[in-house]
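Following: one structure in structure tokens, then a few remarks.
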Amino acid sequence: MISKRRAHGKHFYLDGLISFEFISSFTPLAYLSVIIWIMVFCFLHSVRSNSSLSAESRGTYSSSETPEAVRVTFVLTEETPVGTLIGNVLQWLQNVNVPHRSRKSSPSNLLELKSNKYLGLNGSSGDLFVQSRIDRESLCRDDGACCVSSVHSVDESNNIVRPQFRSVQNSKLPEPVFPNCFLRMLVLENPHSEQLIEVIVYIVDVNDNAPVWSQQILDIEIPEHVPTGSLYKLPEATDSDQGPANTVVGYRLFPAVYKPQTAQIRCFQCPERDSHISYSPLISSAQDSPFLFSLESQVLENNAYFGPKFSLNLRVDGDLDREKQATHYLILVATDGMHDFDSSPIWSLPVVGSETLEASHRTHHTGSLTIRVTVLDTNDQPPVFVDTKPTVTLAENSKVGTIIYQAVARDADVIDKNNLIYKISSSASPEVLRCFAINQSTGEVYIKSQLYFPNASVIPESGRKTPTHFTGHSMVFGYLIPIQVTDRIHQAEATLTVQLTQVNTQPPKITISSHLRMSGSGDQLWIAEDTSIESIVAMVNVMDPDKPFGYGSDEDNLFGDNALRGNSRPHCFTNHEHFVIRPLTVNSATEFKLILRRSLDREILDSHSLRIECWDAGTPPLSSELRFFVRVEDIDDSPPQFEHSIYRVNNKEGLPPHTLITRVHATDADVGENARIAYRIVSQKYTHATPDSTQFGSTTLVSPNKPLVSIDKTTGELFNEVIFDRESMSMINCTVEAYSPRREVQLGETLPNLGLGKPSPTFKARMFVIISIEDVNDCAPQFNMTSYEFTLPEGQKAHHQVSLHSYSAFPSDTDSW
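For the sequence shown, UniProt numbering begins at 1 and goes up steadily by one.
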């Protein structure tokens, strides 16, 4: 862009981008130079515009078909009270530039496409609030909402700065950390929009869990008179809070005394009270004796998610004499929470529930483990492992009973050569004790229970031998099996590292959710028959149990970890011609959308059977299928139809008013309320009677205010409103109309537009009812004269004709002549 000089003269603007100013003192040569510059810029601007159009035309996915989801991010502290307002989604959208969101779009009415039981969303106002208690540890354990991923502070694709914390300890963590737990909700901006809004709520951990061990008492056997400085492995405590700030940061060892009279263990120096330890302020005589043990603690590595990884060893600092004391009791105390940890957030998003977070940073919890040291009687030589740090590689689908390793120890004592006892140390993790066992005599380690890759632990770098298929990722999963061997006096330890390789053993799991009505079991989905083509009707979620901690899933992308993703995207399709499955967004790996491809017509088919089949990308590939029914919901789009176009009926004269004449019937292809039909008479006229029934008289239109016939609006039954007189009328002709009450259009109004681009059809039908009035003998005969006179001579015989004239009477009824 060429800037405008401040001088006297005229200004010229080109394409709204460049401003030129001609100075009155310019020479003709100067004017020529300016004109040349303008021509060069126009050429360059034209080339750039054409390049942009060409680049846009080469896109793989069109924005109208697969738009990118808009991500809305909030930060929430766990245990925030139910009902707390987290933020406003609509306000967030107004404050950012959303590429696919039209400025002239219809008003937002947010619909939950993928809901979350912990979060509530007001679709009208956009308020996002806490719907149920949020406990981060429960989310990690039950819902799998926590992800183990590489640490990335910024999601550059969406310009989201994640919540992070920095350590100010002397031994700083390798990089900043952020909450590894989040809740996710997918919503549609409005029912007629394909714009997806991805609401992400990061859950900040508070220090609300104390360190614990899997057992309360740890038994350790130590031979007497072992050299000072001998080390014995101790298990670490576990803390379900997120590291490094809220997890275990240090250990301390204290002496304790066992009182057999009360069966209590007394600790005189422990800092806090514990359930199975009795603390006493009194000084015991045992305190006068030297403390023969110490704790040797070393931080192996600092993990951004799990906190420090410790190597704990019980160190013997004095001579153990079994004859003086056969059993020693110790208390190992673990403390969590960093006193010098800077918990101030360094991101721009506000933290909801920050007061709870600040109180958490001032809280520290402790947990304790009772160590019972049994002093063993000694002999001359201890056993020694041939290999103290062996490593094996094991497939996840290895069969139960498979021998994975044989531990071998040597003992210089001839008497102990064949009497060594092998066992897995009590310091092993619960998962190791569940999955593995060892033959006490031979030292063969075998699989006791089925292995499951997601339950494996991260192996520290100091204890791994990374195989080639893990190259490119920083974490290796497996087990550390502590093995002990004893000759009943001496004891030696070794650590077997089992690196677990994942195999494709389980097919993908398919679930479906929708903003439309679904059955509780999820096997039925209701879709209105007027749903627009290309509408999203459901979301299909595909999860592969073989992928640990959601690797390759859309949730993984929130932390930027694509290291293990590779070709992990599953492939899904449906067998139905009315529907198609596409990725939810351009980068979706496990989330798909079910789209209506062809219009539905309930009157043709009211139910569709769908089968969704998904294949994973494993070797060999495995598949799963999901079957459900689409029930087409009816709309009022069919007009009524009469069974006959003309109804002919005979009705006798003289019947009292409101006598049933006949019943007309119409049907509607719709169902329910949409199929309800009402009836009305739109016109009626009658034919005047004639003396001869074979002749037709004139007709007269009946006034609507004084009808001859009425109809029941609901049943279609016709009744006479007056007493019919055949001598006055011979026939009544009625025009009956059946119509849909929901679609009734008042006379003179314009028919409504259904949004289909053309006026709605007329939802009514007409037919004719012809009522022939039957005559009854209800009139007396009448003479044509009131009196007759004639002359008769006397003396006439019987049957003599007295007059040449004819005298007769006529009836008023028809056909009685």
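By construction, the Cβ of each residue, glycine as well, lies at the ideal position given by its N, Cα and C atoms.
Per DSSP, what kind of secondary structure is residue i in: helix, strand or coil?
i: Asp416; result: helix
i: Cys140; result: helix
i: Leu792; result: coil
i: Phe783; result: strand
i: Val432; result: helix
i: Gln325; result: coil
i: Arg598; result: coil
i: Gly672; result: helix
i: Pro271; result: coil
i: Arg680; result: strand
i: Pro454; result: helix
i: Val802; result: coil
i: Arg488; result: coil
i: Arg726; result: coil
i: Arg743; result: helix
i: Glu444; result: strand
i: Glu461; result: helix
What span of residues does the beta strand (DSSP E) with residue i cover, start to end?
i: Val201; result: 196 to 204
i: Asn397; result: Looking at the DSSP string, Asn397 is not in any beta strand (DSSP E), and its letter there is neither H nor E.
i: Asp411; result: 409 to 411
i: Asn313; result: 307 to 316
i: Ser181; result: It is Cys, not Ser, that sits at residue 181 in the sequence shown. Element bounds for Cys181: n/a, residue is neither H nor E.
i: Ser607; result: 607 to 615
i: Pro620; result: Where Pro620 is concerned, there is no enclosing beta strand (DSSP E), given that its DSSP letter is neither H nor E.
i: Leu113; result: 111 to 114
Just the C-alpha distance for residue i and residue j, rounded to the nearest angstrom, thanks.
i: Ile512; j: Ala538; result: 7 Å
i: Lys117; j: Ser132; result: 7 Å
i: Pro176; j: Met475; result: With a pLDDT of only 49 at Pro176, under 50, the local geometry of the prediction cannot be trusted, and the value read off the model is given with reservation. Straight-line Cα distance between these residues: approximately 18 Å.
i: Gln264; j: Ala326; result: 18 Å
i: Val248; j: Ile200; result: 29 Å
i: Val722; j: Ser710; result: 10 Å
i: Asn246; j: Thr238; result: 11 Å
i: Ala666; j: Val586; result: 52 Å
i: Ser105; j: Val458; result: Confidence at Ser105 is low in this model, with a pLDDT of 49, below 50, so the placement of that residue is unreliable and no value is reported for it.
i: His365; j: Gly337; result: 7 Å
i: Pro454; j: Gly478; result: 10 Å
i: Ser427; j: Ala492; result: 14 Å
i: Gly795; j: Tyr788; result: 22 Å
i: Arg726; j: Glu653; result: 6 Å
i: Ile203; j: Glu591; result: 22 Å
i: His152; j: Trp213; result: Caution applies to His152, whose pLDDT of 38 falls short of 50 and renders its modelled position unreliable; the value that the coordinates give is listed next. Each residue's Cα considered, the two are about 32 Å apart.
i: Thr690; j: Thr699; result: 12 Å
i: Ile421; j: Thr374; result: 17 Å
If you measure between the beta carbons of residue i and residue j, is that distance less than 8 Å?
i: Leu320; j: Leu295; result: no
i: Ile677; j: Ser740; result: yes
i: Arg648; j: Ile770; result: yes
i: Ala334; j: Pro430; result: no
i: Met485; j: Pro383; result: According to the sequence displayed, residue 485 carries Val and not Met. Yes, they are a contact pair.
i: Ala407; j: Gly443; result: yes
i: Trp615; j: His576; result: no
i: His515; j: Leu121; result: no
i: Leu196; j: Leu253; result: no
i: Pro223; j: Ile415; result: no
i: Leu314; j: Ile220; result: yes
i: Leu594; j: Val540; result: yes
i: Ser645; j: Phe629; result: no
i: Val498; j: Ile403; result: no
i: Asp606; j: Pro640; result: no
i: Glu633; j: Ile527; result: yes
i: Leu655; j: Phe719; result: no
i: Leu376; j: Leu451; result: no
i: Leu596; j: Thr531; result: yes
i: Leu90; j: Gly126; result: yes
Tell me the DSSP bridge mates of residue i?
i: Ala765; result: Ala738
i: Asp127; result: Asn88
i: Ile483; result: Ile424, Ala494
i: Asp336; result: Val248
i: Pro583; result: Phe592
With residue i as the anchor, note down where its alpha helix (DSSP H) starts and where it stops.
i: Trp213; result: Here Trp213 belongs to no alpha helix (DSSP H), and DSSP marks it neither H nor E.
i: Val89; result: 89 to 95
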